[in-house]
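As you go down the protein sequences, you meet chains A and B in turn.
Here the first sequence is numbered in my numbering, starting from 1 and rising by one per residue.
Here the second sequence is numbered in my numbering, starting from 1001 and rising by one per residue.
We put the beta carbon where it would ideally sit given N, CA and C, even for glycine.
Encoded as structure tokens, the structure appears first; notes follow it.
Protein chains: 2
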Amino acid sequence: MNKKSITVKEVAARAGVSTATISRVLNGDPKVRPETAEKVQKVIKESGYRMNQTARSLKTSRTHSVGIVAPEFKNDFFMSIVTGIEETLKNRGYSVILCSSQESTAEEKERLKLLKEKNVDGTIIIPGSSSGKHFRLMGETPVVLVDRLVRDFRSDAVLSDNFQGSYDAVRSAVDKGAARFGFLGGDMDLTSARERYDGFMQACGDTGTAIDRNLILFGDYHEDSGYELMKKLMESPEPPGYIFISNYFMHLGAARYLLEAGRDFPGLHIISFDDLPLASFFPCISIIIAQPMVAIGSKAAELLLDRIKGDKGEVQTVRLPTSMRLLE
Amino acid sequence: MNKKSITVKEVAARAGVSTATISRVLNGDPKVRPETAEKVQKVIKESGYRMNQTARSLKTSRTHSVGIVAPEFKNDFFMSIVTGIEETLKNRGYSVILCSSQESTAEEKERLKLLKEKNVDGTIIIPGSSSGKHFRLMGETPVVLVDRLVRDFRSDAVLSDNFQGSYDAVRSAVDKGAARFGFLGGDMDLTSARERYDGFMQACGDTGTAIDRNLILFGDYHEDSGYELMKKLMESPEPPGYIFISNYFMHLGAARYLLEAGRDFPGLHIISFDDLPLASFFPCISIIIAQPMVAIGSKAAELLLDRIKGDKGEVQTVRLPTSMRLLE
DNA sequence: AATCTTTATGTAATCGATTACATTTTTACA
DNA sequence: TGTAAAAATGTAATCGATTACATAAAGATT
């Protein structure tokens, strides 16, 4: 009853050839005679044979699977990246082992160990912190970082051009009359947070826009901190007319504050990162800096595949341009 | 240079025992002498040995990985479920191979074949359609369905109590004075869509609430259809005061319509499924029927683990209760 | 102390593919 | 047609663990 799956041995017997030939056909080796190949293919089709990838992996030490470590799953930003990764990989015959790190370094380490044991051919990490020393335990297995860079670890990386994105948006706002900015940033330990801050500051500098240090606040990229900081800003004696928010989730929190406050905020303009669900409908939204998340994922997957294929070139950090969406 | 990883053989040599003993220690076999075990452990620690899971899998035909097939990743609803699954599985030493099906039956089939080849120990599917004939190709490998049931395939399943959730919410609305309902449903081929519709109708029936067939519209659970149907409803000659929306993404689309329309809708009350980001801030939201998504995922993972362990009991469909969140 | 259990350890086959090397078949060309 | 070269196929070892079975060591019993 329990149809134990057929093996090469069985196929070989049925086709009247050796297992080596079966393997050759399976791997498209050009030096099998067409007639033989055809005969084998027929047996394969008829018997419904499917190769045991585990056995193949043992022999070739290639699993055709790559690990992804992301801080969390319930996050459209990360998952858009994962979408790009998976799409690119599956077209090349790779599958994806997804792990959550809960933004904890210890968790991250644990997951990586597991991936190493499972012999993934490579790993894409969305780092949960700015430290990457523990990534070294992947040894020779290629690693590509995404969205954030880390210290103590060198590898390929793909992220968006945060500096330019911020810079352009702020200049554009100044062109439209912005003169007094509030800024809600993320943990400055994270590259993206720092780069966005730098872009913001540089644009202010270049346009001669004064900076009120009291309006420059830092959170942690999470919704609640966006809420709190927005509240703080809006309840300050003289709230700014323009507020730059460094990521979607803080924007979400900020929007929640504005909605909860329930009153209008005339003259308030918000500039924020990430074009995610409803962002363009959040109160007072004026400019959205959109990151090409799916493209970031695809690019990361491509870099990884190159490394897996054996590319030994210099590691590179790829920055993809953001785009600006003007509202109002 | 390239530290090829150590194998049991090497460990055995260093510890002066046989590979069998190493394996026994590795697997916690109680009949190795404590001193021996200790000695082996020491060598393992010192040599940094890590077992090759591929080799183990080949011999044991257990991969300690399970496949998940979901229609898409950029979807907080699905990903909350996946979060629950992953959390439960990782605590039991299993990892997750994530595949997207793009809601296409063909894609679904393709992914399942791949998972079969990779020898996953089991699979959790969030079906993309109401047909499940192709799930049969998993053969003996256990399958658990989540969120939706399908025809032509019997297996364990976990989903929320859609009927009860709808029913209770509608009754509650009627208690607060609702008398004329609009209804935005999903594809009636999907169990969840049908059950929610049934719950809605039953509650209307039981409370003697009249039903205007012109206000009962069906979409496809996607944002755009929510937008279109909401528009249709609100632009009809006499829009209803209460609108029941069958899922989050249609709710999102509906909210987008209301926000875009830009005017107030006094006396409009919305009842909708799924307590996802900002849902409680969408215009006119009155009752949210929250599904226990993470719990659904965990439960599915537990059922699957039981099957993997060899549980041969009758297949079961587990329904988890929803909860009601009253706003306004 | 001799013998019988019980317990610990070792030997070697095995899982299902791949592949270096050996062998056979086909082709090419004198 | 015979033989060298090229092409196709086969044989058997191998990847790194597990495990049935065999054997050795320790403990129990009288």
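Closest Cα partner of residue i within the set the options
i: Ala169 of chain A; options: A:Arg213, A:Ser192 and A:Met324; result: A:Met324
i: Glu140 of chain A; options: A:Ile308, A:Leu320, A:Leu327 and A:Thr54; result: A:Ile308
i: Leu159 of chain A; options: A:Tyr257, A:Thr322 and A:Ala13; result: A:Thr322
i: Phe1273 of chain B; options: B:Pro1127, B:Pro1266, B:Ala1178 and B:Phe1077; result: B:Phe1077
i: Gly1241 of chain B; options: B:Ile1044, B:Lys1176 and B:Val1017; result: B:Lys1176
i: Ser1047 of chain B; options: B:Arg1014, B:Ser1061 and B:Asp1264; result: B:Arg1014
i: Ser5 of chain A; options: A:Ile44, A:Lys39 and A:Ser246; result: A:Ile44
i: Gly1067 of chain B; options: B:Glu1235, B:Asp1311 and B:Leu1098; result: B:Leu1098
i: Ser286 of chain A; options: A:Val174, A:Glu108 and A:Met138; result: A:Val174
i: Cys1204 of chain B; options: B:Ser1080, B:Glu1010 and B:Ala1179; result: B:Ala1179
i: Arg275 of chain A; options: A:Leu303, A:Ser80 and A:Ala12; result: Residue identity check: residue 275 of chain A is Asp in the sequence provided, not Arg. Per the Cα distances, A:Ser80.
i: Ile1245 of chain B; options: B:Phe1265, B:Ser1236, B:Pro1237 and B:Phe1282; result: B:Phe1282
i: Glu107 of chain A; options: A:Thr60, A:Met138, A:Ser61 and A:Val69; result: A:Val69
i: Gln1041 of chain B; options: B:Phe1135, B:Val1017, B:Arg1136 and B:Ser1172; result: B:Val1017
i: Glu1223 of chain B; options: B:Leu1137, B:Asn1247 and B:Met1234; result: B:Asn1247
i: Met1293 of chain B; options: B:Pro1034, B:Glu1086, B:His1134 and B:Ser1236; result: B:Glu1086
i: Ser172 of chain A; options: A:Phe73, A:Asp206 and A:Ser236; result: A:Asp206
Within 7 Å, strictly: CB atoms of residue i and residue j
i: Ile1288 of chain B; j: Ile1270 of chain B; result: no
i: Glu110 of chain A; j: Pro71 of chain A; result: no
i: Gly1165 of chain B; j: Ser1298 of chain B; result: no
i: Arg319 of chain A; j: Asp161 of chain A; result: yes
i: Leu1327 of chain B; j: Ser1280 of chain B; result: yes
i: Leu1115 of chain B; j: Thr1123 of chain B; result: yes
i: Ile1126 of chain B; j: Asp1147 of chain B; result: yes
i: Ser1101 of chain B; j: Ser1065 of chain B; result: no
i: Tyr221 of chain A; j: Gly186 of chain A; result: yes
i: Tyr1167 of chain B; j: Gly1199 of chain B; result: yes
i: Asp1121 of chain B; j: Thr1063 of chain B; result: yes
i: Leu89 of chain A; j: Ala295 of chain A; result: no
i: Cys1284 of chain B; j: Leu1268 of chain B; result: yes
i: Met188 of chain A; j: Arg194 of chain A; result: yes
i: Tyr1049 of chain B; j: Val1082 of chain B; result: no
i: Leu1112 of chain B; j: Leu58 of chain A; result: no
Residue i, buried or exposed, once every other Cβ within 10 Å from all chains shown has been counted against 16
i: Gln316 of chain A; result: exposed
i: Arg1196 of chain B; result: buried
i: Gln291 of chain A; result: buried
i: Asp1212 of chain B; result: exposed
i: Asp156 of chain A; result: buried
i: Asn52 of chain A; result: buried
i: Pro277 of chain A; result: buried
i: Ala1210 of chain B; result: exposed
i: Asn119 of chain A; result: buried
i: Glu238 of chain A; result: exposed
i: Asn75 of chain A; result: buried
i: Arg1056 of chain B; result: buried
Sequence-distant residues of the same chain with beta carbon closer than 7 Å to residue i, five excluded per side
i: Tyr1227 of chain B; result: Gly1253, Ala1254, Arg1256 and Tyr1257
i: Ser1225 of chain B; result: Gly1219, Met1250 and Gly1253
i: Lys231 of chain A; result: Tyr257
i: Ser1131 of chain B; result: Thr1105, Val1150, Arg1151 and Asp1152
i: Lys31 of chain A; result: none
i: Leu1026 of chain B; result: Met1051
i: Asp1029 of chain B; result: none
i: Lys39 of chain A; result: Ala15
i: Leu1305 of chain B; result: Arg1092
i: Pro142 of chain A; result: Gly122, Leu304, Arg307 and Ile308
i: Gly1313 of chain B; result: none
Cβ separation of residue i and residue j, assumed to be a contact under 8 Å, to the nearest whole Å
i: Thr1191 of chain B; j: Thr54 of chain A; result: Their Cβ separation, rounded to whole angstroms, is 35 Å, which puts Thr1191 of chain B and Thr54 of chain A out of contact at 8 Å.
i: Gly1182 of chain B; j: Leu1145 of chain B; result: Incorrect: roughly 31 Å between the Cβ atoms, too far for contact.
Close beta carbons around residue i, own chain, < 6 Å, minus the five adjacent residues each side
i: Ser1129 of chain B; result: Thr1105
i: Val8 of chain A; result: Thr19 and Ile22
i: His1134 of chain B; result: Lys1109
Contact set for residue i: own chain, Cβ-Cβ below 8 Å, skip 5 residues either direction
i: Asn2 of chain A; result: Only weak support exists for where Asn2 of chain A lies, its pLDDT of 40 falling under 50; the coordinates are left without a value.
i: Gly1093 of chain B; result: His1064
i: Leu1303 of chain B; result: Val1144, Asp1156, Val1158, Gln1316 and Val1318
i: Ser61 of chain A; result: Asn119
i: Leu1217 of chain B; result: Gly1182, Phe1183, Leu1184, Gly1185, Leu1229, Lys1232 and Leu1233
i: Leu1137 of chain B; result: Lys1109, Leu1112, Lys1113 and Lys1116
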